[in-house]
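In the working numbering, the protein residues as written are 29 to 137.
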């Protein structure tokens, strides 16, 4: 299964983001999902395929870095909405990425 996950940042220091990080690692490791993470910042998350996994048992987390701009929080968030949608649209049109499911832990899409 190929998933797109959209979140401004993922780390293990915040509640929702920690839950998301643990869920993504579990989906990749146990259920062999291919996860495309659209985010501005990622900390403490196992990216890429697991070491020693065969092709049939391979799940991985691929980080697509979404650019950010400095400024007031409202302006940053509006650009986040625009830029993450543009990155996903670009990957669909140019790279042929199609997702079975898009997951967002908030109003990020």
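A virtual CB, placed ideally from N, CA and C, is assigned to each residue, including glycine. None of the values given here were measured: they were computed from a predicted structure.
Ends of the beta strand (DSSP E) at residue i?
| i | result |
| --- | --- |
| residue 90 | 88 to 93 |
| residue 64 | 62 to 67 |
| residue 58 | Here residue 58 belongs to no beta strand (DSSP E), and DSSP marks it neither H nor E. |
| residue 30 | 30 to 34 |
Is the Cβ-Cβ distance between residue i and residue j less than 8 Å?
| i | j | result |
| --- | --- | --- |
| residue 52 | residue 89 | yes |
| residue 48 | residue 100 | no |
| residue 57 | residue 87 | yes |
| residue 125 | residue 119 | yes |
Just to confirm my understanding: we take residue i, look at its own chain, exclude 5 residues before and 5 after, and list those with CB closer than 8 Å. What are they?
| i | result |
| --- | --- |
| residue 31 | 55, 61, 62, 63, 64, 127, 128, 129, 130 and 131 |
| residue 38 | 45, 48, 49, 52, 65, 67, 69, 70, 71 and 73 |
| residue 43 | none |
Rounded C-beta distance between residue i and residue j? I'm assuming under 8 Å.
| i | j | result |
| --- | --- | --- |
| residue 34 | residue 136 | 5 Å |
Residues in the same chain with beta-carbon distance under 7 Å from residue i, minus the five sequence neighbours each way, listed in chain order, please.
| i | result |
| --- | --- |
| residue 107 | 97 |
| residue 116 | 32 and 66 |
Looking only at its chain, what residues have a beta carbon closer than 6 Å to the beta carbon of residue i, apart from the 5 residues adjacent to it on each side?
| i | result |
| --- | --- |
| residue 40 | 46, 49 and 72 |
Starting from residue i, trace the alpha helix (DSSP H) both ways and give me its first and last residue.
| i | result |
| --- | --- |
| residue 131 | Counting along the chain, residue 131 falls outside any alpha helix (DSSP H), though it belongs to the beta strand (DSSP E) covering 129 to 131. |
| residue 123 | 101 to 123 |
Stretch pair the stretch 58 to 77 + the stretch 85 to 96: three plus CB contacts closer than 8 Å: yes
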